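Take the sequence shown: its letters are residues 12 to 85, numbered as in the working numbering. We put the CB at the ideal spot given by N, CA and C, even for glycine. Keep in mind the model is a prediction, meaning the values are calculated, not measured.
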Amino acid sequence: MWELILLSFSYNKLWKLLIDKNMTRSDLRKAIGMSSSTMAKMGKGENISLDVIDKICTLFHCKVEDILEHVESD
(Lines of atoms letter the chains of each structure in order from A and count residues from 1; the text may use other names and numbers.)
(Lines give C-alpha, C1' and ligand atoms only; values in the text may rest on other atoms or scores of the structure.)
Protein backbone atom coordinates (compact mmCIF):
# COMPACT_ATOMS: atom_id res chain seq x y z
CA MET A 1 0.00 0.00 0.00
CA TRP A 2 0.95 3.60 -0.45
CA GLU A 3 1.88 5.59 2.60
CA LEU A 4 1.10 9.29 2.67
CA ILE A 5 4.19 11.29 3.57
CA LEU A 6 3.60 14.91 4.43
CA LEU A 7 5.94 17.32 2.72
CA SER A 8 6.50 21.00 3.20
CA PHE A 9 8.84 23.62 1.86
CA SER A 10 12.02 25.01 3.29
CA TYR A 11 12.97 28.52 2.23
CA ASN A 12 16.31 28.39 4.09
CA LYS A 13 18.21 28.77 0.83
CA LEU A 14 16.30 32.00 0.15
CA TRP A 15 17.00 33.34 3.65
CA LYS A 16 20.72 32.65 3.13
CA LEU A 17 20.59 34.34 -0.27
CA LEU A 18 19.04 37.42 1.32
CA ILE A 19 21.90 37.55 3.82
CA ASP A 20 24.43 37.25 0.99
CA LYS A 21 22.68 40.10 -0.85
CA ASN A 22 22.48 42.19 2.34
CA MET A 23 18.68 42.28 2.05
CA THR A 24 15.97 41.88 4.67
CA ARG A 25 12.75 39.96 4.23
CA SER A 26 11.02 43.31 4.15
CA ASP A 27 13.31 44.45 1.30
CA LEU A 28 12.37 41.33 -0.65
CA ARG A 29 8.68 41.81 0.03
CA LYS A 30 8.79 45.38 -1.25
CA ALA A 31 11.00 44.56 -4.26
CA ILE A 32 8.51 42.09 -5.72
CA GLY A 33 5.26 43.46 -4.29
CA MET A 34 4.65 40.46 -2.03
CA SER A 35 2.01 40.64 0.69
CA SER A 36 2.96 40.29 4.34
CA SER A 37 0.70 37.23 4.57
CA THR A 38 2.71 35.49 1.83
CA MET A 39 5.92 36.29 3.69
CA ALA A 40 4.36 34.82 6.85
CA LYS A 41 3.51 31.62 4.94
CA MET A 42 7.10 31.36 3.79
CA GLY A 43 8.30 31.79 7.36
CA LYS A 44 6.17 28.76 8.29
CA GLY A 45 7.33 26.69 5.30
CA GLU A 46 3.88 26.76 3.71
CA ASN A 47 2.89 26.78 0.05
CA ILE A 48 3.01 30.03 -1.88
CA SER A 49 2.00 30.76 -5.45
CA LEU A 50 4.26 29.98 -8.36
CA ASP A 51 3.83 33.61 -9.38
CA VAL A 52 5.68 34.70 -6.24
CA ILE A 53 8.37 32.08 -6.76
CA ASP A 54 8.77 33.31 -10.35
CA LYS A 55 9.17 36.90 -9.17
CA ILE A 56 11.83 35.89 -6.65
CA CYS A 57 13.74 33.87 -9.24
CA THR A 58 13.50 36.74 -11.72
CA LEU A 59 14.77 39.23 -9.14
CA PHE A 60 17.80 37.11 -8.27
CA HIS A 61 18.32 35.55 -11.72
CA CYS A 62 18.25 32.09 -10.15
CA LYS A 63 16.50 28.72 -10.38
CA VAL A 64 13.73 27.47 -8.09
CA GLU A 65 16.09 25.00 -6.43
CA ASP A 66 18.33 27.94 -5.47
CA ILE A 67 15.65 29.35 -3.16
CA LEU A 68 13.59 26.45 -1.82
CA GLU A 69 13.53 22.76 -1.03
CA HIS A 70 10.69 20.28 -0.78
CA VAL A 71 11.24 18.46 2.50
CA GLU A 72 9.54 15.76 4.54
CA SER A 73 7.64 17.09 7.56
CA ASP A 74 8.41 15.86 11.08
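Three-way DSSP call (helix, strand, coil) for Glu-57 in this model: coil
Closest by C-alpha distance to Val-75, when choosing among Leu-61, Ser-47, Val-82: Leu-61
Cβ pair Lys-52, Ile-59 closer than 8 Å: Yes. Within cutoff.
Neighbourhood of Thr-49 by C-beta, 7 Å cutoff - its chain only, sequence neighbours within 5 removed: Ile-59, Val-63
Own chain partners of Cys-68 with C-beta closer than 8 Å, once the 5 adjacent residues on each side are dropped: Lys-74, Val-75, Asp-77, Ile-78
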